[in-house]
Every structure is written in structure tokens, then in C-alpha cells.
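Engineer: Residue numbers (this note's numbering): 191 to 484.
Think of the CB as a built atom: it goes at the ideal place given N, C-alpha and C, for glycine as much as any other residue.
None of these values were measured; they are calculated from a predicted model.
1. Quick check on the DSSP output: what are the complete beta strand (DSSP E) runs of length 3 or more inside the segment 339–373, in order along the chain?
2. Going by the beta-carbon positions, is the gap between residue 391 and residue 426 smaller than 8 Å?
3. How is the beta strand (DSSP E) around residue 464 delimited, first residue to last?
4. Check residue 307 in the structure and name its three-state DSSP category.
5. Cα separation between residue 453 and residue 297?
6. With burial defined as no fewer than 16 other Cβ atoms inside 10 Å of the residue's Cβ, what is the status of residue 288: buried or exposed?
7. Determine the extent of the beta strand (DSSP E) in which residue 431 is found, giving its start and end residues.
8. Taking the straight line between their C-alpha atoms, what separation do you get for residue 280 and residue 307?
9. Can you name the residues that DSSP bridges to residue 278?
10. When you compare only the Cα positions, how much space is there between residue 338 and residue 278?
11. What does residue 440 pair with, by DSSP beta-bridge criteria?
12. Could you give the residue range of the beta strand (DSSP E) that holds residue 261?
13. What is the C-beta distance between residue 423 and residue 413, in whole angstroms, given that I count them as a contact (C-beta under 8 Å)?
14. If you draw a straight line from the alpha carbon of residue 266 to that of residue 293, how long is it in whole angstroms?
15. Rounded to a whole number of angstroms, what is the C-alpha to C-alpha distance between residue 216 and residue 330?
16. Decide if residue 170 is buried, meaning its Cβ has at least 16 other Cβ atoms within 10 Å, or exposed.
17. Between the segment 299–306 and the segment 425–444, are three or more C-beta pairs nearer than 8 Å?
18. Does DSSP put residue 217 in a helix, in a strand, or in coil?
19. With a cut-off of 8 Å on the beta carbons, I'd call residue 482 and residue 351 a contact; round off their distance for me.
20. Please report the distance separating the alpha-carbon of residue 348 from that of residue 410.
21. Under the rule that 16 or more other beta-carbon atoms within 10 Å means buried, what is residue 340, buried or exposed?
22. Leaving out the 5 sequence neighbours to the left and right, which residues in its chain are closer than 7 Å to residue 291 when beta-carbon positions are compared?
23. Which of the three DSSP states, helix, strand or coil, is assigned to residue 248?
24. If we count the other Cβ atoms within 10 Å of its Cβ and call it buried at 16 or more, is residue 386 buried or exposed?
25. If you draw a straight line from the C-alpha of residue 243 to the C-alpha of residue 236, how long is it?
26. Taking buried to mean at least 16 other C-beta atoms within 10 Å of its own C-beta, is residue 346 buried or exposed?
27. Do residue 465 and residue 444 have their beta-carbon atoms positioned less than 8 Å apart in this structure?
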């Protein structure tokens, strides 16, 4: 039996928690610092100065002594290397002079992961539904690991999960990953093995995942399927849907909502509901997630 902490309807919430734990962050950006000499002149760079200001533009010239930047307005700015704190390719694009940052949490939907990888040395801190904090760290460009414990009286420290994830392949238009969540209540160990694929770019994509629950070494032969999608509709706004069902069963857990995000922080607001089920008490589960990437 899967512990009651993982239950929502059948084993679907167990998969949702597993996928949440395994979710990761965007690809590693280009190297920072004064060792950047060779640059692509058609790429927009984010240049942070030692006085705290930030410039966005294309690198016209880069030597060991200085960097010349052409901003989107056409201004040419010459900087001494000593003035530059860091310089990296932007994780986004410039539209009409404004930087549209990439979604800092494009490696997950609400709970479930996309196939995208975190990248070595990157990670994030977050909290799902106020009571489920977690941390994720990219050990290599393909491999990441997540961990956490619920902030619930009687559960904090007593229930613990650890979730490794490995991205098998990733391109600009496709990413495929596999992972596992192993959770323990002290007396029992349970979790989910899963695979997930994401098809599309970081502004609009569909994700499809399949998971199998296990408990104390016994694997459940009934799969649970996750189908989700993401669509960017503004500079800092993305629509998200995430849905779960098990073949041969009538119950479907569906969700829809919106993500607001900046360069590092994102906030999700949405609703989960159980279709094809009689409402007894709470029919809808509000979604409130906050994540900070580093």
C-alpha cells in the first residue's frame, strides 16, 4: 500500500508529488566573468557591472582589456574589464528594447516535470502549496537531485523524499528524461518511477509522462499518465495545464492556471479538480507555488 500522505485519488497524487520533486531548471548559461573573449555578435548578452547596474546588448568587441557593447537602441558603450562583474548570454530575447527572460522554471509544470534538465551548478528553492518545501540541484548538465520534507505537524522530518532525475536527450525542440521519487515514512518506503518527454520550445510546448508506483519493492503494473502544456502569453506570463489519468479508469485529475515570472522568481496560481468523481467536501484544490532559482 502507498502511504496515505501520497493519496489524492488512486495513485495520481503520488505521481504528482514525485514529478514535483523531480522538476528541475533551465540549461546552464554561458560562462561568466572576464575570461569571456570569443563571443557571438548576434547574441544578446547581460552585462552586470560592479556598481550594480545591468546592460543588455550585443558584443561588438571583446579583448582582455575591454568590451564594447551595442545596446538595442544603437548606443555604443565601451567598458573596461575591471568594470564588469559578470557577462553571460541572456536566457531570453529582446523585443522592442525590452528583455523577455526565459521562464526560470521551464523544467516543470505545476507539479510535474518537463523533460528539460537543470544544468550543472544550477538549482532552485521552492515551496508547493505552502507546506511542501523542496530543493533541487544540478550535479551535472544531465543529472539532478531533489529532496524535501513536508512542513506538517507530525510529518516534518518523519516523511522524507529524495528524487534523482536524468535527462537522456535535450535539443531546442525536444527533451526526454527519466527519474524516480523514493519517499519514506520510517515504516514504509514508496514512490514512483517515471519517464517524461517535452516537445516544443520554452514558450510553447506539450509534455507527456508515464509513471508506475512502487511500495516496499513491489511495482504497480497500472500506469498513470500525465499530459500537460505551457503557452507564453506575455513578457512575464505563461498559461499552464497539467492533467493525470490512468488507462481503463474513469477518473481524471485536471488543472489550469497561470505562472508569473521574472529573471529568478516564479509564482503559480491555479486549480486542480477531479473530473468524473462525486463531490464530497472539497471538489477543487487551489494551487499556490513559489520558486526561486539560483
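Structural biologist: Based on what the coordinates show:
1. 350–360
2. no
3. 455–465
4. coil
5. 15 Å
6. exposed
7. 427–435
8. 18 Å
9. 236
10. 31 Å
11. Answer is none; residue 440 lacks a bridge partner.
12. 256–261
13. That belief does not hold up - the Cβ atoms of residue 423 and residue 413 are roughly 32 Å apart, past 8 Å.
14. 29 Å
15. Any answer about residue 216 is weak, because its pLDDT of 34 lies below 50 and its placement is not dependable; what the coordinates show is given next. Answer to the nearest angstrom: the Cα atoms are 13 Å apart.
16. It is not possible to answer for residue 170, since the shown part of the chain is limited to 191 through 484.
17. yes
18. Residue placement at residue 217 cannot be trusted, given a pLDDT of 35 that sits under 50; the coordinates are not used to answer.
19. At roughly 20 Å, the Cβ-Cβ gap does not stay under 8 Å, so residue 482 and residue 351 are not in contact.
20. 24 Å
21. buried
22. 281, 282, 452 and 453
23. strand
24. buried
25. 10 Å
26. exposed
27. yes
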